[in-house]
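Asker:
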Amino acid sequence: MKNIISILFFMTGLSLSAQVGIKTDSPKSQLDVNGDINLRSKIVVLNVTDNTLSQGNNDQILVSQGEGYPPIWKSLRIPEYEPNKFYLIFNNSFSDKTGVKFTNSEQSSITAKNTAFTKGADISSLPGFKKIAGLSQPISVFSTESKTYFQFETVVQANLPVNGTPDISIDYACGIFVDNKLVNLRQRNLKASSAASTFITHNQIGIVTNLSKGQHDVSVACSRLGSYRTASDVVLAIGINADTNINSFITQSSLKVDVYEIPQVFNPIIN
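According to mature numbering (1 follows the signal peptide of the UniProt record, and there is no 0), the sequence shown holds residues -20 to -1, 1 to 251 in order.
(1) Span of the alpha helix (DSSP H) holding serine 120?
(2) Report all residues from its chain with a CB closer than 6 Å to the CB of aspartate 197; omit the five preceding and five following residues, and keep chain order.
(3) Quick one: what does DSSP say alanine 211 is sitting in, helix, strand or coil?
(4) Is it buried or exposed for aspartate 76, if we count other Cβ within 10 angstroms and need 16 for buried?
(5) Could you give the DSSP three-state label for serine 85: helix, strand or coil?
(6) Give every residue of the same chain whose Cβ lies closer than 7 Å to the Cβ of proline 146, excluding the five residues on either side of it in the sequence, and list them in chain order.
(7) Can you name, in chain order, every residue of its own chain whose Cβ lies under 6 Å from the Cβ of valine 136, other than the five neighbours on each side?
(8) Considering alanine 96, what are the terminal residues of the alpha helix (DSSP H) in which it resides?
(9) Would you decide whether serine 44 is buried or exposed? Buried here means 16 or more other CB atoms lie within 10 Å of its CB.
(10) Would you call the CB atoms of isoleucine 112 and serine 233 closer than 8 Å?
(11) So, does the region 100 to 107 touch the region 162 to 178, judging by three or more C-beta pairs under 8 Å?
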């Protein structure tokens, strides 16, 4: 009988008071429980669209919609990963039609290429290199154990004359940089051919391991390294046309970035 009377008084207090606190003298909501709650049955939430009560489905959680709105049930999915295996976590591709051009006077002053072109060299130490603007992009890394792959493609052209004797050609180089540090470089030579304004396709693949966690800036920069028996008006164009026999659509550049990681951070997905 005492228990029944106590329950009646408690229920009466709930109906008469705007705020009720359990183990607290200053409740901050209509019901404020300072301690553990043991639920032996179910939780239901009002569905405002049809005014029904929903108890959710198995493995769902309650998610707040903000002040003044009832919470809703959401499904929580956590990706399953096998330990010590690499997974593709980030991938993106970028393109550029602007490219870079080099006149005869914009040749790089680098002479000792074997010492200048080393992994980790800062772009500021490589005079004459120009970035291809549209390929400078941010990427994200979430694990300390990662492998990042790069695939760069473009077209290189110069307004060279029809080839004669001796050979006419231009040396150039393109580098892939992460946070302005060189991670991959390829040098090539563009030769004059039997047709004027010759062009070639340039392909380049690079890899860097274990970038630090966080955001990094990836870029591609190229340089004119040397010219052999070229006229003073010969322009080297990378990712853009130097003459009208091809156009900017044909010469456009692309960069593909794939980041494989051994996952260390698990980001749940809520539907």
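Ideal Cβ placement from N, Cα and C applies to all residues, glycine included. Here the structure is a predicted model, which is why all the values come from computation and not from measurement.
Answerer: According to the structure data:
(1) Note, serine 120: premise wrong, no alpha helix (DSSP H); beta strand (DSSP E) at 117 to 121.
(2) Pro118 and Asp159
(3) coil
(4) buried
(5) helix
(6) Arg209
(7) Leu170, Ile180, His182 and Ile218
(8) 93 to 96
(9) exposed
(10) yes
(11) yes
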